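First the structure, in the form of structure tokens, and then the observations on it.
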Amino acid sequence: MYKFLISLIILMGTFSITHAKDTMPKPSNFPVKSVYKGTTAKLDLSDPDARMFRTRLSEALKEQPDFAGEYVTVMWGCGTNCRVYSFINKRTGKLLKEGFGGEERQEDVIFTDPNSRLLVTKEEIRNDEYEVKSLTLRAYILEKNKFKLIKTITNIAPEEE
Numbered sequence: 416m417y418k419f420l421i422s423l424i425i426l427m428g429t430f431s432i433t434h435a436k437d438t439m440p441k442p443s444n445f446p447v448k449s450v451y452k453g454t455t456a457k458l459d460l461s462d463p464d465a466r467m468f469r470t471r472l473s474e475a476l477k478e479q480p481d482f483a484g485e486y487v488t489v490m491w492g493c494g495t496n497c498r499v500y501s502f503i504n505k506r507t508g509k510l511l512k513e514g515f516g517g518e519e520r521q522e523d524v525i526f527t528d529p530n531s532r533l534l535v536t537k538e539e540i541r542n543d544e545y546e547v548k549s550l551t552l553r554a555y556i557l558e559k560n561k562f563k564l565i566k567t568i569t570n571i572a573p574e575e576e
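So, in structure tokens, the structure goes:
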């Protein structure tokens, strides 16, 4: 009986990824005034990170905005199961100071919208055998060039492949 109760408690605290996505904030609640369609700025090389990754960021500036009206999401690898996500502004050529991912906490960007300031990430929580035991979804909004965490959903059961 004890094992059954423990299992039931664990299951009750676990969401499915589909249910979790349904409870996330809606992009339409965080609209932008317009999507930038003007001339693309040159990469601002006054930022040391922009200088270090200038080739990748310059290539990204050729793309259309995919986040918050004027940003392009840029991703590059940093090792096994390691990705870095940055955001370059088409209008100014400036790199946002904040990004996601990296070696310390792999938070993958899974949703952006050019018409919204909402961004959603997914983090895989792994056990000692490096198997995914649960997922965490986080919703952020971009405010004054900073990401503000507005919702976290933990203990999501990973989808079977």
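The opening position of the sequence shown corresponds to residue 416 in our numbering, with each subsequent residue numbered one higher.
Note that the Cβ used here is the ideal one computed from N, Cα and C, for glycine as well.
From a predicted model like this one, the values you see are computed outputs, not experimental measurements.
Please classify residue i: does DSSP put it in a helix, a strand, or coil?
{"i": "Thr470", "result": "helix"}
{"i": "Pro440", "result": "coil"}
{"i": "Pro480", "result": "coil"}
{"i": "Ala465", "result": "helix"}
{"i": "Ala554", "result": "strand"}
{"i": "Ala456", "result": "coil"}
Could you work out which residue in the options is closest to residue i when comparing CA atoms only?
{"i": "Thr488", "options": "Gly494, Asp464, Arg506, Val524", "result": "Val524"}
{"i": "Asn504", "options": "Lys566, Pro446, Asn560, Pro442", "result": "Asn560"}
{"i": "Pro440", "options": "Thr527, Asn570, Asp543", "result": "Thr527"}
{"i": "Glu415", "options": "Thr495, Ser473, Leu510, Leu511", "result": "Outside the shown range of the chain (416 to 576) lies residue 415, about which nothing can therefore be said."}
{"i": "Thr551", "options": "Glu474, Asp543, Glu522, Ile565", "result": "Glu522"}
Using DSSP's beta-bridge definition, name the partner residues of residue i.
{"i": "Ser501", "result": "Val489"}
{"i": "Gly531", "result": "Just to set this straight, residue 531 is Ser in the shown sequence, not Gly. Ser531 is bridged to Pro446."}
{"i": "Thr536", "result": "Val524, Arg553"}
{"i": "Thr567", "result": "Arg553"}
The stretch 468-488 contacting the stretch 524-538, beta-carbon criterion three pairs below 8 Å = Contact holds between the stretch 468-488 and the stretch 524-538, because three or more Cβ pairs, one in each stretch, are under 8 Å apart.
On the three-pair Cβ rule with 8 Å, is the stretch 536-552 touching the stretch 462-470?
-> With the cut-off at 8 Å, the stretch 536-552 and the stretch 462-470 do not touch.
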